[in-house]
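Enquirer:
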Amino acid sequence: MDDLQFRRAIYADPNNQDDDAKLAQEQDPSKKQFAQEVCKLDEKIKQALQVPVPDDLFDKLILRQTLASHQVQKRKTRVHLALAASVAIVGGLVLNFMQFSSAYHNLGDYALAHVYHEQGNVANNASSQVTLASLNQKMATFDGNFSQSLGKLLWADYCRFDGMKSLHLVYQGKTSPVTVFIVPKNDQLSFTDSFNDEALFGSSLEFNQSNIIVVGDKNESLGTWQKNISQTVSWSI
49 MDDLQFRRAI YADPNNQDDD AKLAQEQDPS KKQFAQEVCK LDEKIKQALQ VPVPDDLFDK
109 LILRQTLASH QVQKRKTRVH LALAASVAIV GGLVLNFMQF SSAYHNLGDY ALAHVYHEQG
169 NVANNASSQV TLASLNQKMA TFDGNFSQSL GKLLWADYCR FDGMKSLHLV YQGKTSPVTV
229 FIVPKNDQLS FTDSFNDEAL FGSSLEFNQS NIIVVGDKNE SLGTWQKNIS QTVSWSI
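The sequence shown maps to residues 49 to 285 in the working numbering.
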């Protein structure tokens, strides 16, 4: 696992216990130190977010800021208090937005946005390759399994798909990478069997517990990808 893959894996899940991540830490002390630092930061954030915010905090802040303009000697202290409280409120709002709010209403729109956000991180001609065994270790989280490879798998790791823990796969395509998402079903995003924009085309396969989404350029046969996925993936429940 190279440095970029390792950092992405730790950022996605600070307590990542995948075999690849554990092996990378054992072989490279700097990676182990990085993982420990991210875990500590994650724990500090969790503790900070556990502080309850009073319902009347906003009114109190406004009152204190008004009084501060008439009390020059105490101005610095009160500004610090106001800033600290504002940061706590904004942090809570941002966290709530990231976890529970979505600007997208269907799988297709979100998948396209996700692919564009990650575009360029994995080159289509990259030499790295993820084994089928390593892929199925991650697929076990979703009670799924691939009986054979769909092609050259350049990258595989967990990601957040509209706040849901999902699996993000990048395969070598004919002219550019092909992205495959394994996403747990969720009522917030409606199912779309096909979608596209000016550059990318996508299709979705619906299974009992999860949806599998494929996104590629115009040179890819999404029908072939769908067929291969249907023939190779199986679910334990």
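The C-beta atom is built at its ideal place from N, Cα and C for all residues, glycine as well.
#1: Run the CB neighbour count on residue 210, radius 10 Å, all protein chains shown included, and call it buried at 16 or more, exposed below.
#2: Whose C-alpha, out of 285, 256, 50 and 242, is nearest the C-alpha of residue 271?
#3: Exposed or buried, which one is residue 168 when buried takes at least 16 other CB atoms within 10 Å?
#4: Please state whether DSSP places residue 80 in a helix, a strand or coil.
#5: In the DSSP assignment, find the beta strand (DSSP E) that holds residue 277 and state where it starts and stops.
#6: Can you tell me whether residue 227 is buried or exposed, with buried defined as 16 or more other CB within 10 angstroms of its CB?
#7: Tell me, which residues are paired with residue 189 by DSSP?
#8: Please go through the same chain and pick out, in chain order, the residues whose beta-carbon is closer than 8 Å to the beta-carbon of residue 274, but skip the five residues on each side of it.
#9: When you compare only the Cα positions, how much space is there between residue 216 and residue 201?
#10: How far does the beta strand (DSSP E) with residue 254 in it extend, from its first residue to its last?
#11: Evaluate contact between the region 181-197 and the region 152-171, counting only Cβ atoms and requiring at least three cross-stretch pairs below 8 Å.
#12: Ordered along the chain, which non-local residues of its own chain (more than five positions away) have a Cβ less than 7 Å from that of residue 283?
#13: Quickly, what does DSSP pair residue 223 with across the bridge? List them, please.
#14: Rounding to the nearest angstrom, what Cα-Cα distance links residue 58 and residue 267 in this structure?
Expert: Result, derived from the coordinates:
#1: Buried is the call here.
#2: Answer by Cα proximity: 242.
#3: In this structure residue 168 is exposed. Its beta-carbon is surrounded by fewer than 16 other beta-carbon atoms within 10 angstroms.
#4: The answer is helix: DSSP assigns residue 80 an H, G or I state.
#5: Where residue 277 is concerned, there is no enclosing beta strand (DSSP E), although the alpha helix (DSSP H) it sits in stretches over 270-280.
#6: Classification of residue 227: buried, given that the 10 Å Cβ count is 16 or more.
#7: Its beta-bridge partners do not exist; DSSP assigns none.
#8: Same-chain partners within the cutoff: 251, 253 and 262.
#9: Each residue's alpha carbon lies about 11 Å from the other.
#10: That run of the beta strand (DSSP E) goes 248-254.
#11: They do not touch, by the three-pair rule.
#12: These residues qualify, in order along the chain: 191, 192, 255, 256 and 257.
#13: Residue 223 pairs with nothing; no bridge assigned.
#14: Those two C-alpha atoms are separated by around 34 Å.
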